[in-house]
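What follows is a short report on a single structure.
Numbering (this note's numbering), first residue to last: 97 to 350.
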């Protein structure tokens, strides 16, 4: 039986949220393309995207840093959209709607080299499609600009909303959870520092206590050597003692 536990690290939370958002958007697209307007090719493409996200999530459970799995999913989606560009009215169709959340998701979820690589790859796909459409406009079909254009735009809009809301909520919840964890750790660190400071003060007080002989008044140093009071104060504490007679002793002895 598969047991699901929500990950405790920021990166893996974002990974799970991103996969869930892509899967939900893919399911929405499949249902709309099969039940509202029959578009088998679009439904198949959405199925491939959902399957890629599912595979990435399954593999991501066993890795500590799943950034490159996210890159894999995003590039699969971007490649499929790149091939669908010309069969969906090009720049006037729904593919640009699908490309937008990919750029946003890659910029938000990824960081470092994976983010740079993914954004460059997506940009290359987009520039290639725009360039080919500019020089070969006859390659573009207007299937998305017919009577079903409203449904096509609706599918893209709903899927984008699903993806954006899920990713946005996931990032916000993860950020709040991470902030609470940092605040808790900060409080614990402050408490530990105060306890350590108190312990240090107690140790200093104990260290300042001088073991002195009850009979001859010699003082024992930390090495265990006994010294006369005057010598100990001069050598260990760098303090010289001056001699005098108190009124009581003066009266009793002189």
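Glycine is no exception: its CB is placed at the ideal position from the N, C-alpha and C atoms.
Excluding sequence positions up to five away, which residues of its chain have a Cβ less than 7 Å from the Cβ of residue i?
i           : result
residue 176 : 141, 144 and 145
residue 136 : none
residue 225 : 178 and 181
residue 241 : Low confidence applies here, because residue 241 scores a pLDDT of 46, under 50, leaving its location unreliable and the question unanswered by this model.
residue 198 : 170, 173, 174 and 218
residue 348 : none
State the start and end residues of the unbroken alpha helix (DSSP H) segment that holds residue i.
i           : result
residue 219 : 208–231
residue 196 : 191–205
residue 334 : Taken as a continuous stretch (DSSP letters only), residue 334 belongs to no alpha helix (DSSP H), as it is neither H nor E.
residue 167 : 163–180
What does the Cβ neighbour count give for residue i, buried or exposed, with the cut at 16 atoms within 10 Å?
i           : result
residue 161 : exposed
residue 292 : exposed
residue 194 : buried
residue 231 : exposed
residue 327 : exposed
residue 208 : exposed
residue 269 : exposed
residue 190 : buried
residue 94  : Past the boundaries of the shown model lies residue 94; the chain is included only from 97 to 350, so the question cannot be answered.
Hey, out of the options, whose CA is closest to residue i's CA?
i           : options               : result
residue 152 : 173, 139 and 134      : 173
residue 305 : 111, 180 and 316      : 316
residue 260 : 117, 232, 125 and 184 : 117
residue 167 : 206, 307, 342 and 273 : 206
residue 340 : 257, 350 and 331      : 350
residue 310 : 324, 348 and 277      : 324
Near residue i, what residues of its chain come up, given a Cβ to Cβ distance below 6 Å and the 5 sequence neighbours on each side ignored?
i           : result
residue 334 : none
residue 243 : Interpretation of residue 243 is limited by its pLDDT of 47, a score under 50 that renders its predicted location unreliable; no figure is taken from the coordinates.
By Cβ distance, which residues of its chain are closer than 8 Å to residue i, with the 5 residues on each side in sequence left out?
i           : result
residue 150 : 115 and 119
residue 302 : For residue 302, the predicted structure reports a pLDDT of 48, less than 50, and the residue's modelled location is therefore unreliable. A value from the coordinates is still provided. Excluding positions up to five away in sequence, the list is empty.
residue 203 : 211 and 215
message: Does the stretch 219–237 come into contact with the stretch 176–196, if we say contact requires no fewer than three beta-carbon pairs (one atom in each stretch) closer than 8 Å?
response: yes
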